[in-house]
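Sequence lines, in order, name chains W and B.
Residue 13 in my numbering sits at position 12 of the first sequence; the count goes up by one each step and never skips.
Residue 21 in my numbering sits at position 7 of the second sequence; the count goes up by one each step and never skips.
For glycine and all other residues, C-beta sits at the position ideal for the given N, C-alpha and C.
Keep in mind it's a predicted model, so treat the numbers as computed, not measured.
What follows is a short report on a single structure.
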Amino acid sequence: MEKFEPVIVAFCCHYCAYTAADMAGSLRLPYPSNIKIIRVPCSGKVDAQHIVTAFEKGADGVFVAGCLEGDCHFKSGNARAARRVEFVKKYLEEIGIESERLEMVNMSAGMGHRFAQVATEITQKIRNLGPSPVRTTMAQ
Amino acid sequence: MITAERKPLEELIEYIKPFKRILLLGCNECVTVCAAGGRKEVGLLASGLQMAMLKNGSNIEIRQHTLERQCDPEYVEELVPMIDSADAVMSMACGCGVQQVAMRFKDKPVFPAVNTTFMGASERQGVWAERCQGCGNCLLGLTGGICPIARCAKQLMNGPCGGSTGGKCEISNDVDCAWQLIWDRLKALGLQDRYLDIIPAKDWRSGGGSGPRKIIREDLAE
């Protein structure tokens, strides 16, 4: 059987996680190429529909990366994002997709190491979960 | 506004199971404001249904459309060009919208995607509370702008009852005693004497007690 390589969409806030990913690159830190980064002006910009559409189009995992608690450039965008992620997790369970496939993470712009670590851990977790049920059915 | 909440996905799937092409409708009015059935929720439900059905091994086609106001026939007319390409309609509007679509397109099954809940106001972002029961004979002028019909669990005309403690209703500590609110407000307005007026027992004929209600404006009706 062909080895499963997950597709993971990462919605990264411009002010923290996106820069942290950049930092990881500058530091030559390796992280899995499974992560497809989408830069957003704030994690609070990420709507439930964006996350659900990612799964609908075949993503095996999604994470939303926002600033550290209390550090949002727009005051409370990261807290809103966290609430939205919780809402979508419940919706995914209703649909029949494991909610573990979605995660909210927080980091600052200087945390290149953390970005690489989070990316590696999430990729491994999704690898263990296997392909998303939607992707499996789409392939058949 | 009229508030609503989406039905569980499982129930919706049961409705549309026998059909292949679904027209999923939203409404730009109340259900948009209470985040239950506007354009955004239609998109979210379409994706969810699509994935859930796909997982169950059936591929359905969902067309999305959000009407300006689903309870008005002139807007429902917009659906004429798209209705033939649908086997069934699912509406995220309130019960009025669902019925309006069902009445216009008699040969199409129309299913509700939300539970229409109450007439309410927004307390804060994401929180809506019941404020009016449409009793047809507004008492707010007598009760300091606070409705005892919608907000008193017993709908008392002359309260409070013995279950009012510390400003809260006996049914729950999260529910304010409407009559305490009325008294506090009348006092703040210097209108305490109104509290002494006995409000007579309500005639519920105007509140739906004599069957479905209708308003006919002779100057407007055609």
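Contact annotation for ALA49(W) against chain B: LEU58 [CB-CB distance below 7 Å, chain order]. Among the CB atoms of chain W, none fall inside 7 Å of the CB of ALA50(B).
Within the DSSP bridge table, the entry for ASN107(W) names GLY67(W) as partners. Shown here for ILE127(W): same chain residues with a beta carbon closer than 7 Å to its own, the five before and five after excluded, namely PRO7, ILE9, ASP61, GLY62, ARG102 in chain order. By the Cβ neighbour-count rule, SER61(B) is buried, with 16 or more other Cβ atoms within 10 Å of its own. The shortest CA-to-CA distance from HIS74(W) to any of GLY131(W), ALA18(W), VAL135(W), THR138(W) is the one to ALA18(W).
With a threshold of 16 other beta carbon atoms within 10 Å, GLU104(W) meets it and is buried. Burial is judged here by how many other beta carbons sit within 10 angstroms of a residue's own beta carbon; ILE36(W) has at least 16 and is buried. Taking CB atoms only, GLU95(W) has a neighbour in chain B less than 7 Å away. The residue among LYS21(B), TRP193(B), SER105(B), SER178(B) with its C-alpha nearest the C-alpha of ASN172(B) is TRP193(B). At a cut-off of 7 Å between beta-carbon atoms, PRO7(W) makes no contact with chain B.
The Cβ neighbour count for PRO22(B), taken over all protein chains shown within 10 Å, is under 16; the residue is labelled exposed.
The straight-line gap separating the alpha-carbon atoms of GLU57(W) and ILE96(W) is approximately 11 Å. Here DSSP, grouped into helix, strand and coil, assigns GLU144(B) to strand. DSSP places ILE160(B) outside both helix and strand once states are collapsed to three, so it counts as coil.
Between PRO123(B) and ARG35(B), the alpha-carbon positions lie close to 12 Å from each other. A Cβ-Cβ distance of about 13 Å is found for the pair ALA21(W) and PHE64(W), leaving them out of contact under the 8 Å criterion. The DSSP-derived three-state label of GLU137(B) is strand. In summary, no residue of the segment 119–134 of chain B has a CB separated from any CB of chain W by less than 7 Å. As computed with DSSP, HIS79(B) is found in a beta bridge with LEU39(B). From the listed residues LEU93(W), ARG29(W), GLY67(W), the smallest Cα separation to ILE38(W) is found for GLY67(W).
Annotation for VAL86(W): the continuous alpha helix (DSSP H) segment containing it runs 78–96. Taking a Cβ-Cβ cut-off of 8 Å, LYS31(B) has no neighbours in chain W, whose nearest Cβ is about 15 Å from it.
Contact check for GLN84(B) against GLY52(B) fails: the beta carbons are separated by 7 Å or more.
Residues of the segment 96–127 of chain W with a Cβ closer than 9 Å to any Cβ of chain B, in chain order: ILE96, GLY97, ILE98. In terms of Cβ geometry, LEU195(B) and ILE160(B) form a close pair [threshold 7 Å].
Pairing GLY134(B) with TRP142(B) gives a Cβ-Cβ distance under 7 Å.
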